[in-house]
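Enquirer: Below is one structure. I have some questions about it.
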Amino acid sequence: MKVATIREFRDKATSYFKEEEPVLVTRHGKVTGLYLPIEHPESFPLELRKELLIRLGESISRSLERKGISEGKLLAGFDAFKKTCRRR
Numbered sequence: 030m031k032v033a034t035i036r037e038f039r040d041k042a043t044s045y046f047k048e049e050e051p052v053l054v055t056r057h058g059k060v061t062g063l064y065l066p067i068e069h070p071e072s073f074p075l076e077l078r079k080e081l082l083i084r085l086g087e088s089i090s091r092s093l094e095r096k097g098i099s100e101g102k103l104l105a106g107f108d109a110f111k112k113t114c115r116r117r
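Count along the sequence shown from 1, then add 29; that gives the number in our numbering.
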């Protein structure tokens with residue numbers, strides 16, 4: 030298992046995604062995340078995939094709530110972004 034700081038992980042993410050070795054991500058020496066490559070996502074147990082999606086959704090909701098961003102404000106931001114992308 031490789032260990033990388035957040036900055037290292039960000040800078041080398043593309044190469045990490047091509048490898049099969051897990052990466053432990055740290056910030057100030059403390060573990061903040063884990064990248065675990067999955068060769069065949071469809072072979073990942075359905076219950077585990079559901080649990081991961083539920084926890085991810087809850088985490089995103091808490092983060093948005095802490096920042097004071099409502100669902101309407103978020104959707105408006107996406108709409109504005111899509112309009113700027115079409116102009117390019």
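Where a beta carbon is used, it is the ideal one built from N, C-alpha and C, also for glycine. Here the structure is a predicted model, which means the values were calculated and not measured.
Touch check for the stretch 46 to 60 and the stretch 71 to 84: three-plus C-beta pairs under 8 Å?
Expert: no
Enquirer: Which whole-angstrom value describes the C-beta separation of M30 and E49, a residue pair presumed to lie in contact below a C-beta threshold of 8 Å?
Expert: That belief does not hold up - the Cβ atoms of M30 and E49 are roughly 11 Å apart, past 8 Å.
Enquirer: By the DSSP assignment, the beta strand (DSSP E) with K59 in it spans what residues?
Expert: 59 to 64
Enquirer: Using a 10 Å radius around the Cβ and a threshold of 16 neighbouring Cβ atoms, would you call F110 buried or exposed?
Expert: Taking a 10 Å sphere around the C-beta of F110, we find fewer than 16 other C-beta atoms and assign the residue as exposed.
Enquirer: Which one of E94, Y64, G101, E100 has the shortest CA to CA distance from K47?
Expert: Y64
Enquirer: Cβ atoms of L82 and L93: under 8 Å apart, would you say?
Expert: Not a contact, by the Cβ cut-off of 8 Å.
Enquirer: P70 to S88, Cα distance in whole Å?
Expert: 22 Å
Enquirer: Looking at the unbroken beta strand (DSSP E) that takes in K96, where does it start and where does it end?
Expert: Premise fails: K96 is in no beta strand (DSSP E) and is neither H nor E.
Enquirer: Is it true that the CB of I35 sits closer than 8 Å to the CB of T61?
Expert: Their beta carbons are under 8 Å apart, which means T61 touches I35 by this criterion.
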